[in-house]
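Asker: For reference, the structure I am asking about is given below.
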Amino acid sequence: MNVIEATNLTRTYVTGEVSVTALKGVDIILPEGDFVAIMGPSGSGKSTTMNLLGCLDRPTAGSYKLDGVEVSQMSADQLAEIRNLKIGFVFQGFNLLARTTALENVELPLLYREQEIPAKERKERSEASLSAVGLGHRYDHVPTQLSGGEQQRVAIARALVTQPSLVLADEPTGNLDSKTSVEVMRIFQELNEQKNITILLVTHEPDIAQYAKRVITFKDGKIKSDEPQKKRLIAREVLKTLEDEDE
Amino acid sequence: MNLWMVFRISLRALMRNKLRTFLTALGIIIGVSTVITMLAIGTGAQRSVEATIASLGTNTIMIFPGSGQTSGARTGAFGASTLTVDDAKEIPRQCSAVSNVSPITQVNAQIVFQDQNWSTQITGSDIAYPDIRNWNIVDGRFFTDDDVRAAAKVCVLGKVVVDNLFGGESPIGATVRVKGIPMRVVGQLAEKGDSAFGQSQDDIVVVPYTTCMKRLQRQSNVRYIMAEAASKDQVERAKKQIDDVLASRHKIQPGEDPDYSIRTQAEFAETANQSTQIFTLLLGGIASVSLLVGGIGIMNIMLVSVTERIREIGIRMALGAKRRDILRQFLVESIVLSLTGGAIGVALGYGFAHIAARFSQWPPVVSIQSVLLAFTFSLVVGVFFGFYPAFKASRLDPIQALRNE
Ligand SMILES: Nc1ncnc2c1ncn2[C@@H]1O[C@H](COP(=O)(O)OP(=O)(O)OP(=O)(O)O)[C@@H](O)[C@H]1O
Ligand SMILES: [Mg+2]
Numbered sequence: 001m002n003v004i005e006a007t008n009l010t011r012t013y014v015t016g017e018v019s020v021t022a023l024k025g026v027d028i029i030l031p032e033g034d035f036v037a038i039m040g041p042s043g044s045g046k047s048t049t050m051n052l053l054g055c056l057d058r059p060t061a062g063s064y065k066l067d068g069v070e071v072s073q074m075s076a077d078q079l080a081e082i083r084n085l086k087i088g089f090v091f092q093g094f095n096l097l098a099r100t101t102a103l104e105n106v107e108l109p110l111l112y113r114e115q116e117i118p119a120k121e122r123k124e125r126s127e128a129s130l131s132a133v134g135l136g137h138r139y140d141h142v143p144t145q146l147s148g149g150e151q152q153r154v155a156i157a158r159a160l161v162t163q164p165s166l167v168l169a170d171e172p173t174g175n176l177d178s179k180t181s182v183e184v185m186r187i188f189q190e191l192n193e194q195k196n197i198t199i200l201l202v203t204h205e206p207d208i209a210q211y212a213k214r215v216i217t218f219k220d221g222k223i224k225s226d227e228p229q230k231k232r233l234i235a236r237e238v239l240k241t242l243e244d245e246d247e
Numbered sequence: 248m249n250l251w252m253v254f255r256i257s258l259r260a261l262m263r264n265k266l267r268t269f270l271t272a273l274g275i276i277i278g279v280s281t282v283i284t285m286l287a288i289g290t291g292a293q294r295s296v297e298a299t300i301a302s303l304g305t306n307t308i309m310i311f312p313g314s315g316q317t318s319g320a321r322t323g324a325f326g327a328s329t330l331t332v333d334d335a336k337e338i339p340r341q342c343s344a345v346s347n348v349s350p351i352t353q354v355n356a357q358i359v360f361q362d363q364n365w366s367t368q369i370t371g372s373d374i375a376y377p378d379i380r381n382w383n384i385v386d387g388r389f390f391t392d393d394d395v396r397a398a399a400k401v402c403v404l405g406k407v408v409v410d411n412l413f414g415g416e417s418p419i420g421a422t423v424r425v426k427g428i429p430m431r432v433v434g435q436l437a438e439k440g441d442s443a444f445g446q447s448q449d450d451i452v453v454v455p456y457t458t459c460m461k462r463l464q465r466q467s468n469v470r471y472i473m474a475e476a477a478s479k480d481q482v483e484r485a486k487k488q489i490d491d492v493l494a495s496r497h498k499i500q501p502g503e504d505p506d507y508s509i510r511t512q513a514e515f516a517e518t519a520n521q522s523t524q525i526f527t528l529l530l531g532g533i534a535s536v537s538l539l540v541g542g543i544g545i546m547n548i549m550l551v552s553v554t555e556r557i558r559e560i561g562i563r564m565a566l567g568a569k570r571r572d573i574l575r576q577f578l579v580e581s582i583v584l585s586l587t588g589g590a591i592g593v594a595l596g597y598g599f600a601h602i603a604a605r606f607s608q609w610p611p612v613v614s615i616q617s618v619l620l621a622f623t624f625s626l627v628v629g630v631f632f633g634f635y636p637a638f639k640a641s642r643l644d645p646i647q648a649l650r651n652e
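Protein chains in written order, with the numbering used here: chain A, 1 to 247; chain B, 248 to 652.
Structure representation (structure tokens):
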């Protein structure tokens with residue numbers, strides 16, 4: 001079963017008289033349980049692709065089936081519901097709500113469920129999600145009381161709390177140091193392996209891409225290459241050697 | 248998301264910036280409290296005018312000299328009266344719908360008892376005066392037909408006059424001097440309270456009109472005639488009959504302006520009501536402007552708030568908030584703001600009205616309607632001025648919003 005089936009994805013931005021085609025007919029197929037890293041130079045259309053696959057935007061042309069459902073023609077509100085049900089986002093800048101506790105941040109997507117979830121269940125699920133990323137003791141902390149790595153883990157917990165079929169991460173380690181980045185990749189790898197969650201992440205760092213199963217490279221709004229990762233890194237092991245070095 | 252959750256989110260957002268929230272609400276607080284206070288003063292005036300008119304007697308008809316172009320009793324123009332005692336006598340003879348009639352004369356004079364003296368208005372009337380005005384005698388009696396016929400030197404005093412001359416003792420049987428003429432006090436009128444204009448109605452001395460004309464005024468000048476219809480539904484008929492009698496006595500040609508005017512109690516009430524209503528509307532209108540200004544304040548702050556929170560809106564949208572969720576969040580925020588302001592404003596307005604009551608002649612009345620009106624108005628202000636910012640927020644593009652710094 002394919003989670004993503006996008007064919008001929010095209011996106012043209014029109015600003016006044018100027019129009020920029022950021023994406024020029026891209027085909028992407030992601031089977032369930034895949035873990036893909038997207039790379040490519042700045043301006044090559046990576047974020048544009050992520051926005052389209054994340055149902056935050058609609059393609060100018062082409063078709064996009066998410067879990068077998070065609071979503072490219074849906075209305076803004078229909079897309080909002082799809083995002084809530086099927087997609088978890090992790091952003092470079094974390095995008096947590098300020099002055100809001102970790103637990104409440106994680107709970108947020110559950111509040112927007114069309115079918116209301118009881119408060120007790122919301123709380124339990126949010127707590128479980130935070131524990132899963134190793135933040136079981138930080139429920140009441142607000143973003144300013146958390147380190148960058150911890151904030152990103154809260155964001156991951158928020159992405160997971162809805163049990164999405166797809167997690168999209170646009171440069172999730174862009175604001176983190178290398179060790180914290182590896183920790184985030186360890187969480188992604190665990191989710192991918194243990195819960196079979198499909199993950200698509202954009203990164204500029206080749207060593208981060210090495211944790212993925214497959215790497216797609218963009219250039220000028222087109223796919224330049226799409227290859228499986230030959231020398232895949234396992235974050236758990238990398239962390240262990242890092243710790244050994246510290247000692 | 249249910250409304251309760253939306254409410255909680257909005258409340259939280261408002262609490263985050265307490266000073267700003269307070270200042271924004273202040274606009275509404277001031278608006279609503281002025282509306283409440285102004286309407287209370289207006290309504291108070293209205294009630295007090297109504298009460299005064301009712302105290303004239305319910306079926307009362309007043310006949311004034313001069314044409315009906317201006318309303319109310321004539322005060323000046325001595326000797327210019329077109330009404331006579333004979334007019335007053337003729338009315339009950341010919342008008343079946345009229346039960347009582349009395350000519351009224353008025354003269355200002357000093358009244359002296361021993362070493363006490365008091366300046367007041369002397370009213371000359373016929374014996375029907377207490378009946379027409381629904382005014383009881385609490386002590387002694389009113390003067391009689393014989394007193395009137397004989398222009399007897401007798402008088403009936405109002406409460407204020409008694410208090411000032413007799414210090415609360417019974418005045419019955421005492422002899423007072425009015426314009427140097429000794430008069431026997433035969434009765435005391437029940438207390439009636441203040442009129443709409445803050446004058447005491449109890450500051451009165453009533454004497455037979457004959458006595459007033461012959462001994463005090465020294466001319467037969469009728470200030471006005473008071474009549475009473477037999478019953479409430481006979482008032483219009485009585486008015487017509489009186490008009491017919493006077494028209495023929497004064498030889499008024501059809502189509503010609505009469506030299507008298509007849510006003511019923513209902514017409515009085517209407518005129519008074521109209522003017523107090525205009526007064527109330529005017530006060531309310533002025534106050535509404537401040538409420539409007541408060542509403543603009545809300546809109547301004549909500550627009551600022553939306554701009555500041557574009558990123559938050561983007562995050563919520565990315566996580567699945569629909570347009571109506573965002574719309575509701577900001578709309579509820581502005582409604583909470585305006586309703587809280589409204590509630591505080593109502594409480595404050597209530598307080599102001601009570602303070603105003605201490606300084607004004609007529610006690611302000613905070614009516615349920617004015618509270619509801621002010622409250623509804625602040626709700627409308629919240630919805631109206633909150634809608635545009637909320638709508639703007641709900642139409643944001645999630646990607647643009649997320650990119651906002
Ligand atoms: N809203 C927009 N309006 C106009 N042009 C846009 C818009 N968003 C992106 N573009 C253009 O589309 C192209 C692709 O942008 P995109 O953000 O997808 O690049 P990217 O691969 O994510 O780059 P980076 O690595 O710097 O994040 C760029 O040339 C960019 O200027
Ligand atoms: Mg990008």
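For each residue, glycine too, the CB sits at the ideal point set by N, CA and C.
Can you list, in chain order, the residues of its chain with a C-beta nearer than 7 Å to that of Glu237/A? Leave out the 5 residues immediately preceding and following it.
Answerer: Within the same chain, Glu237/A has no close Cβ partners at all.
Asker: Roughly how many whole angstroms lie between the Cα atoms of Arg267/B and Glu555/B?
Answerer: In a straight line, the C-alpha of Arg267/B is about 13 Å away from that of Glu555/B.
Asker: Just by C-beta distance, which residues in the stretch 80-94 of chain A are closer than 8 Å to chain B?
Answerer: Hits within the stretch, in order: Ala80, Glu81, Arg83, Asn84, Leu85, Phe89 and Phe91.
Asker: Would you check if the stretch 543-555 of chain B and the stretch 92-105 of chain A touch, i.e. whether three or more CB-CB distances between them fall below 8 Å?
Answerer: No contact exists between the stretch 92-105 of chain A and the stretch 543-555 of chain B.
Asker: Could you spell out the range, first to last residue, of the beta strand (DSSP E) harbouring Pro429/B?
Answerer: From DSSP, the beta strand (DSSP E) with Pro429/B extends over Ile428 to Leu436.
Asker: Taking CB distances under 9 Å as the criterion, tell me whether Ile639/B reaches chain A.
Answerer: Before going on, a small fix: residue 639/B reads as Lys here, not Ile. Taking Cβ atoms only, chain A never reaches closer than 9 Å to Lys639/B, which makes this a no.
Asker: In terms of residue numbering, what span does the beta strand (DSSP E) encompassing Glu150/A cover?
Answerer: Unbroken run through Glu150/A is the alpha helix (DSSP H), Gly148 to Leu160; no beta strand (DSSP E).
Asker: In angstroms with no decimal places, state the Cα-to-Cα distance between Ala320/B and Ser328/B.
Answerer: Since pLDDT at Ala320/B reaches only 44, below the 50 mark, its modelled position is unreliable, and the value read off the structure follows with that caveat. Cα to Cα, the separation comes out at about 11 Å.
Asker: Check whether the Cβ of Val90/A lies closer than 8 Å to any heavy atom of ligand 2, and answer yes or no.
Answerer: No.
Asker: Please classify Ile4/A: is it buried, with 16 or more other beta-carbons within 10 angstroms of its beta-carbon, or exposed?
Answerer: Looking at its Cβ environment, which holds 16 or more other Cβ atoms inside 10 Å, Ile4/A is buried.
Asker: Helix or strand or just coil, what does DSSP make of Arg424/B?
Answerer: Three-state DSSP puts Arg424/B in a strand.
Asker: Would a C-beta distance cut-off of 9 Å place Leu200/A and Leu30/A closer than the cut-off?
Answerer: A contact, by the Cβ cut-off of 9 Å.
Asker: Checking contacts by CB at 9 Å: is Leu566/B closer than that to chain A?
Answerer: At least one chain A Cβ lies under 9 Å of Leu566/B.
Asker: Kindly say whether Leu578/B, judged by its beta-carbon, lies nearer than 9 Å to any beta-carbon of chain A.
Answerer: Closer than 9 Å: no.
Asker: If you reduce the DSSP assignment to three classes, tell me which class Trp251/B lands in.
Answerer: DSSP places Trp251/B in helix when its eight states are reduced to three.
Asker: Determine, for Pro109/A, whether the minimum Cβ-Cβ distance to residues of chain B falls below 9 Å.
Answerer: For Pro109/A, the answer is yes, since a Cβ of chain B falls inside 9 Å of its Cβ.
Asker: Beta carbon of Ile351/B, beta carbon of Glu475/B: below 9 Å?
Answerer: Not closer than 9 Å, so no.
Asker: By alpha-carbon positions, which one of Ile87/A, Pro164/A, Asp207/A and Thr180/A ends up nearest to Arg153/A?
Answerer: Closest option to Arg153/A, Cα to Cα, is Thr180/A.
Asker: Give the DSSP-derived three-state secondary structure of Tyr597/B in the structure shown.
Answerer: Three-state DSSP puts Tyr597/B in a helix.
Asker: When the Cα atoms are used, what is the spatial distance from Arg11/A to Leu273/B?
Answerer: For Arg11/A and Leu273/B, the distance between alpha carbons rounds to 49 Å.
Asker: Let me check understanding here. Comparing Cα to Cα, which of Tyr597/B, Met549/B and Gly596/B lies closest to Ile582/B?
Answerer: For Ile582/B, the nearest C-alpha among the options comes from Met549/B.
Asker: Cβ closer than 7 Å: which chain B residues qualify as neighbours of Ala76/A?
Answerer: Correct list: Arg570.
Asker: Shortest alpha-carbon distance to Asp57/A belongs to which of Leu239/A, Ala209/A, Glu127/A and Gln73/A?
Answerer: Taking only the C-alpha atoms, the option nearest Asp57/A is Gln73/A.
Asker: DSSP three-state call for Thr299/B: helix, strand or coil?
Answerer: Residue state, collapsed to three classes: helix.
Asker: Alpha carbons only, please: which of Lys231/A, Thr217/A, Glu81/A and Asp244/A is nearest the one belonging to Asp27/A?
Answerer: The option with the nearest alpha carbon to Asp27/A is Thr217/A.
Asker: Just checking Glu171/A against ligand 2 - is the residue's beta carbon closer than 8 Å to any of the ligand's heavy atoms?
Answerer: Yes, Cβ of Glu171/A sits closer than 8 Å to a heavy atom of ligand 2.
Asker: Does DSSP put Val469/B in a helix, a strand or coil?
Answerer: Of the three classes helix, strand and coil, the one that applies to Val469/B here is coil, per DSSP.
Asker: Apart from the five residues just before and just after Thr527/B, which ones in its own chain have a Cβ nearer than 7 Å to its Cβ?
Answerer: Result list for Thr527/B: Leu286, Gly289, Thr290 and Gln293, in chain order.
Asker: Please confirm whether Asn249/B has its beta-carbon closer than 9 Å to some beta-carbon of chain A.
Answerer: Cβ-Cβ to chain A under 9 Å: yes for Asn249/B.
Asker: Within the continuous alpha helix (DSSP H) that includes Met185/A, where are the two ends?
Answerer: Counting along the chain, the alpha helix (DSSP H) containing Met185/A begins and ends at Ser178 to Gln194.
Asker: Could you check whether the Cβ of Ile557/B sits closer than 9 Å to any Cβ belonging to chain A?
Answerer: Not one chain A Cβ lies under 9 Å of Ile557/B.
Asker: Any residues in the stretch 56-77 of chain A with a beta carbon nearer than 9 Å to a beta carbon of chain D? Which ones, in chain order?
Answerer: The chain labelled as chain D is not found among the protein chains of the depicted structure, namely A and B.
Asker: Please confirm whether any heavy atom of ligand 1 lies closer than 8 Å to the CB of Ala22/A.
Answerer: It does: the Cβ of Ala22/A is within 8 Å (strictly closer) of some heavy atom of ligand 1.
Asker: Of all the options Arg431/B, Ile545/B and Gln466/B, which has the alpha carbon lying nearest to the alpha carbon of Val452/B?
Answerer: It is Arg431/B whose Cα lies nearest to the Cα of Val452/B.
Asker: Out of curiosity, what's the CA-to-CA distance linking Lys486/B and His497/B?
Answerer: Cα-Cα distance, rounded: 16 Å.
Asker: If we define contact as Cβ-Cβ less than 9 Å, is Glu171/A a contact residue for chain B?
Answerer: Chain B contact via Cβ: absent.
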